[in-house]
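S.K.: In our numbering, the protein residues as written are 643 to 1146.
Built from N, CA and C at the ideal position, the CB exists for glycine as well.
Just so it is clear, the structure is predicted and the values come from calculations on it, not from any experiment.
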Amino acid sequence: MSLAVIHTRAQLGIQAPPVAVEVHLSGGLPSMSIVGLPETAVKESRERVRSALITAGFEFPQRRVTINLAPADLPKEGGRYDLAIAIGILSASGQLKGWKASPTVEMLGELALSGDIRPVRGILPAAVAAGKVGRALVVARENADEAMMAEGTEVFAAGHLLELVAHLTRQQQLPACVPGDVDDAVATVPDLADVKGQLQARRALEVAAAGGHNLLFSGPPGSGKSMLAARLPGLLPPLATEQRLEVAAIASVSGQSVAPACQGMRPFRNPHHTASAIALVGGGSHPRPGEISLAHQGVLFLDELPEFSRRVLEVLREPLETGEILISRAARQTRYPARFQLVAAMNPCPCGYHDDGSDRCLCTPDQIRRYQMKISGPLLDRIDLQVQVPALPAATLLQSSAVAETSATVRERVMAALALQLARQGRMNRELSGRELEQVCTLDGATEALLVRVMQQSQLSARGCHRLLRVARTLADLAGQERVERGQLLEALAFRGLAGGGSC
643 MSLAVIHTRA
653 QLGIQAPPVA
663 VEVHLSGGLP
673 SMSIVGLPET
683 AVKESRERVR
693 SALITAGFEF
703 PQRRVTINLA
713 PADLPKEGGR
723 YDLAIAIGIL
733 SASGQLKGWK
743 ASPTVEMLGE
753 LALSGDIRPV
763 RGILPAAVAA
773 GKVGRALVVA
783 RENADEAMMA
793 EGTEVFAAGH
803 LLELVAHLTR
813 QQQLPACVPG
823 DVDDAVATVP
833 DLADVKGQLQ
843 ARRALEVAAA
853 GGHNLLFSGP
863 PGSGKSMLAA
873 RLPGLLPPLA
883 TEQRLEVAAI
893 ASVSGQSVAP
903 ACQGMRPFRN
913 PHHTASAIAL
923 VGGGSHPRPG
933 EISLAHQGVL
943 FLDELPEFSR
953 RVLEVLREPL
963 ETGEILISRA
973 ARQTRYPARF
983 QLVAAMNPCP
993 CGYHDDGSDR
1003 CLCTPDQIRR
1013 YQMKISGPLL
1023 DRIDLQVQVP
1033 ALPAATLLQS
1043 SAVAETSATV
1053 RERVMAALAL
1063 QLARQGRMNR
1073 ELSGRELEQV
1083 CTLDGATEAL
1093 LVRVMQQSQL
1103 SARGCHRLLR
1113 VARTLADLAG
1123 QERVERGQLL
1133 EALAFRGLAG
1143 GGSC
């Protein structure tokens, strides 16, 4: 009897729990069985591994081969275990001369029938987890750059099974991968200088970037709502190191490129209005991250907001508050981070031309009301800034944009305001709790009385009041002021669509 244990990693959300591939050879009729809750793709590893070993010139054992993927209660999916299974069979059958299965190395990769090692998803979380326990990681060459994002993890990349065997038997060592230089680039995003006019909307973008606030643009077609939203990522600071790992891990398990996260660029997701609730929050039989998780630490832009299904929009309410999404299935639960900024755009009516200063709108008051009612009150209550974007006159459109502020100029003010927030409370204003707001957003008597009257007249909820104060605090930070004054509260009221409060 022969036994070999090879270490690898499963994928569970953005976590990578350890898996031990136990290979046992015994007497009996030649067969190969895989146990340990394998999915269909894992069961198919038998044929891939058999063909890869034979093609590479190894002998497939004519014995009873039992492979256990431990722990047995963790579902296993995909072809990520092929490489570990193949090395386990070679080790258990004595074909790796001078090498015994080592607990200091982990292997991840899918095998082609030719013996080539193919890339798999979720390499970055596995590399981070392997480094935490002091193990090296063997991956396909195409996964090497992604694995090297996990600092402190020794990574070896192989293109073929024979290369890995030569490395293990010390015939020809694989060089340890060296991380390449990554430039912190944010210049590839659209620049705010391209926007003409729309001073209030530009100001709202700056406030949203400085405090992490949610934003809704409303205006006729062609007024620049989508153009403005696309420029928000250029106002945000680059991702910090820990944030880069989070964003790259989500992209990794989704099978997307991790290069933008490596460059410090924040995600910008723009799903079509026909997207389903599962596409937005994630799910499936094997839960995958949805658009809200792919927008983690970035921007989720929903254009034509009322055209989204009401059920789709309502699933946003909880993640907007908690910053994460828990996908529950009968067999397991998967938690994904979802701390994003919501930016939405909508027309004021079905035809889009209501209140644009012309007589083009033919919608009845009832049609306009039904159209605007597609967005529920609880969802609107979670949107801090609600800004009207009017159509620009022809003269403004023809003006030169050379004098407009660039994204880099505005980003300097945003980063200065963020620095004040981090120094004062250690987090962005949007994350302040009610008790923290009481400490950092104190109002004088007259300003507090104004807020009370506005809450009574507008029937503002407690959540709406807190969000109003967070915006006022951000406006004070942009002005470099320690205390929130009446002017900041009035501007926050205007951004909330409660400009009438200024007459109280």
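Comparing C-alpha positions only, which one of G794, G853, N785 and P817 sits nearest to A1134?
M.R.: Nearest of G794, G853, N785 and P817 to A1134, Cα basis: G853.
S.K.: Taking the CB atoms as reference points, tell me whether G720 and V665 lie closer together than 7 Å.
M.R.: Against a cut-off of 7 Å, the Cβ pair of V665 and G720 comes out as no contact.
S.K.: Between which residues of its own chain and F702 is the CB-CB distance below 7 Å, once the five residues before and five after are set aside?
M.R.: Closer than 7 Å at Cβ, skipping near neighbours: R692, L695 and I696.
S.K.: Starting from the Cα of E689, find the closest Cα among L725, A846 and A712 and give me that residue.
M.R.: The option with the nearest alpha carbon to E689 is L725.
S.K.: Excluding sequence positions up to five away, which residues of its chain have a Cβ less than 8 Å from the Cβ of V677?
M.R.: Taken in chain order, the residues that qualify are T708, I709, N710, L711 and A714.
S.K.: May I ask whether a heavy atom of the ligand ADP can be found less than 6 Å away from the beta carbon of E1078?
M.R.: With respect to the ligand ADP, the structure offers nothing, as it holds no ligand at all.
S.K.: DSSP state of E664, grouped into three classes?
M.R.: Correct three-state label for E664: strand.
S.K.: Pop quiz: N912 and F943 are said to be a contact at Cβ under 8 Å. What is the actual Cβ separation, rounded to whole angstroms?
M.R.: The Cβ separation is near 5 Å, so the contact holds.
S.K.: Find out if the Cβ-Cβ distance for the pair S935, G925 is shorter than 7 Å.
M.R.: Not closer than 7 Å, so no.
S.K.: Take R977 and list the residues in its own chain whose beta-carbon comes closer than 8 Å to its own, dropping the five residues that flank it on each side.
M.R.: Hits under 8 Å: G655, E966, I967, L968 and I969.
S.K.: Which residues bound the alpha helix (DSSP H) around I765?
M.R.: I765 -> alpha helix (DSSP H) spans I765 to K774.
S.K.: Considering only residues of the segment 808-879, which uninterrupted alpha helix (DSSP H) runs meet the minimum length of 4 residues and lie entirely inside it, listed in chain order?
M.R.: Segments of the alpha helix (DSSP H) lying fully in the segment 808-879: 841-853 and 867-871.
S.K.: Within a Cβ cutoff of 6 Å, which residues of the same chain sit near A646, ignoring the five residues on either side of it in sequence?
M.R.: Excluding sequence neighbours, A646 sits near V665, G730, S733, A734 and A743.
S.K.: Alpha carbon to alpha carbon, how far is S1075 from E1124? Give it in angstroms, no decimals.
M.R.: Whole-angstrom Cα-Cα distance: 18 Å.
S.K.: May I ask which residues mark the beginning and end of the alpha helix (DSSP H) holding S733?
M.R.: Taken as a continuous stretch (DSSP letters only), the alpha helix (DSSP H) holding S733 covers D724 to A734.
S.K.: Classify M674: buried if its beta carbon has 16 or more other beta carbons within 10 angstroms, exposed otherwise.
M.R.: M674 is buried by the Cβ-count criterion.
S.K.: With H, G and I counted as helix, E and B as strand and the rest as coil, what does DSSP make of H938?
M.R.: Here H938 sits in coil by DSSP.
S.K.: With DSSP as the reference, label Y995 as helix, strand or coil.
M.R.: Note: Y995 maps to coil in three-state DSSP.
S.K.: Check for me: the beta strand (DSSP E) holding E966 runs from which residue to which?
M.R.: Run containing E966: E966 to S970, per the beta strand (DSSP E) assignment.
S.K.: If you compare alpha carbons, which of L955, A980, R974 and H649 is closest to A662?
M.R.: Per the Cα distances, H649.
S.K.: Mind checking whether R783 and A799 have CB atoms under 7 Å apart?
M.R.: In this structure, A799 lies closer than 7 Å to R783 by Cβ.
S.K.: Compute the Euclidean distance between the alpha carbons of A683 and L750, then round it to the nearest angstrom.
M.R.: Distance between the alpha carbons of A683 and L750: 15 Å.
S.K.: The alpha helix (DSSP H) spanning T697 covers which residue range?
M.R.: That run of the alpha helix (DSSP H) goes S687 to T697.
S.K.: Work out the CA separation of P961 and V780 for me, nearest whole Å.
M.R.: Computed Cα separation, rounded: 36 Å.
S.K.: Work out the CA separation of K685 and L1149 for me, nearest whole Å.
M.R.: Only positions 643 to 1146 of the chain appear in the structure, and residue 1149 is not among them; the question remains open.
S.K.: Straight-line CA distance for A652 to A768?
M.R.: Rounded to whole angstroms, A652 to A768 spans 8 Å at the Cα level.
S.K.: So, for D758: in the same chain, excluding its five sequence neighbours on each side, which residues have a beta-carbon less than 6 Å away from its beta-carbon?
M.R.: So the qualifying residues of the chain are H802.
S.K.: Can you give me the Cβ contacts of T1048 inside the same chain, cut-off strictly under 7 Å, excluding the 5 residues immediately before and after it?
M.R.: Excluding residues within five positions, the ones whose Cβ falls inside 7 Å are D833, L834 and A835.
S.K.: Select from I1017, C991, K1016 and G1019 the residue whose C-alpha is nearest the C-alpha of T1006.
M.R.: Looking at the Cα atoms, C991 is the closest of the given residues.
S.K.: Check whether the Cβ atoms of P1170 and A987 sit closer than 7 Å, and answer yes or no.
M.R.: Missing from the structure shown is residue 1170; the chain here goes from 643 to 1146 and no further.
S.K.: Tell me the residue span of the beta strand (DSSP E) that contains Q1154.
M.R.: This structure does not reach residue 1154, given that the chain is present from 643 up to 1146, and the question cannot be answered.
S.K.: Three or more beta-carbon pairs under 8 Å between the segment 1055-1072 and the segment 881-890, yes or no?
M.R.: The segment 1055-1072 is not in contact with the segment 881-890.
S.K.: State yes or no: is the C-beta of L1021 within less than 7 Å of the C-beta of L955?
M.R.: Contact flag set, yes.
S.K.: Between which residues of its own chain and V820 is the CB-CB distance below 7 Å, once the five residues before and five after are set aside?
M.R.: Counting only Cβ-Cβ distances below 7 Å, and skipping sequence neighbours, we find nothing.
S.K.: Starting from T650, trace the beta strand (DSSP E) both ways and give me its first and last residue.
M.R.: Run containing T650: S644 to R651, per the beta strand (DSSP E) assignment.
S.K.: Could you please give the first and the last residue of the uninterrupted alpha helix (DSSP H) stretch that includes F798?
M.R.: Per DSSP, F798 belongs to no alpha helix (DSSP H); it is in the beta strand (DSSP E), V797 to A800.
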